[in-house]
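**Student:** Right, I'll just put the structure down here and ask away after.
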Amino acid sequence: MLDDVVFKKPTMADGYAVNQLIKNSPPLDTNSSYCNLLQCSHFADTSIGAYHAEQLVGFISGYNLPQQPNTLFIWQVAVSQKMRSQQIAKRMLHALIAQVKPVFIHTTITQDNAPSRALFASFAKANNTMMNEQPYMDKDHHFNQEHPSEALIVIGPLN
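full-length UniProt numbering puts the first residue of the sequence shown at 1, with every later residue one more than the last.
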């Protein structure tokens, strides 16, 4: 595990690097560069980047739910291919939760995304809290069969 990875809020200057990181991290859905710039500016307080040798190597985007401000919705988690197996996603998630201090975490995950499922299950276990799953976005009803169904994962309450 690399000890010289720095975790901090992203800035607008990171937007293009975030876009490229996500583009190179299947099965994540890519967003426009504009969207990633907004994630790094408007949502910087609820997102986090991982930097190694001053290069962005990981990113978690998130935001507080408007109707539930104590709930952090994790939009995407990405780690560069060359930095995987360094526990960067887990370390980013712990750093982000320490920064935001939510009571609950929500995220959506497809059935076949084993790495994301493992990340959030291990986080819930490490924090001695519950993780529940329920249907949320259906491939037929919401995605017109162009995207797999997404389950809503709810973790919490967090201490």
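Backbone N, C-alpha and C fix where the C-beta goes; we use that ideal spot for every residue, glycine too. As the structure is a computational prediction, the values presented were derived from the model and not from experiment.
Residue range of the alpha helix (DSSP H) that Phe123 falls in?
**Tutor:** 114-126
**Student:** Please state the DSSP three-state secondary structure of Gln55.
**Tutor:** Residue state, collapsed to three classes: strand.
**Student:** Relative to the alpha-carbon of Leu119, which residue among Gln145, Lys101, Thr46, Ala89 has its alpha-carbon at the smallest distance?
**Tutor:** Ala89
**Student:** In the DSSP assignment, find the alpha helix (DSSP H) that holds Val18 and state where it starts and stops.
**Tutor:** Residues 15-23.
**Student:** DSSP has Glu133 in a bridge; who is on the other side?
**Tutor:** Paired residue(s): Ile153.
**Student:** If we ignore side chains and look at the alpha-carbon of each, how far apart do Gln68 and Phe104 end up?
**Tutor:** 9 angstroms
**Student:** Give the single residue among Pro10, Phe123, Ala17 whose Cα lies nearest to the Cα of Thr46.
**Tutor:** Pro10
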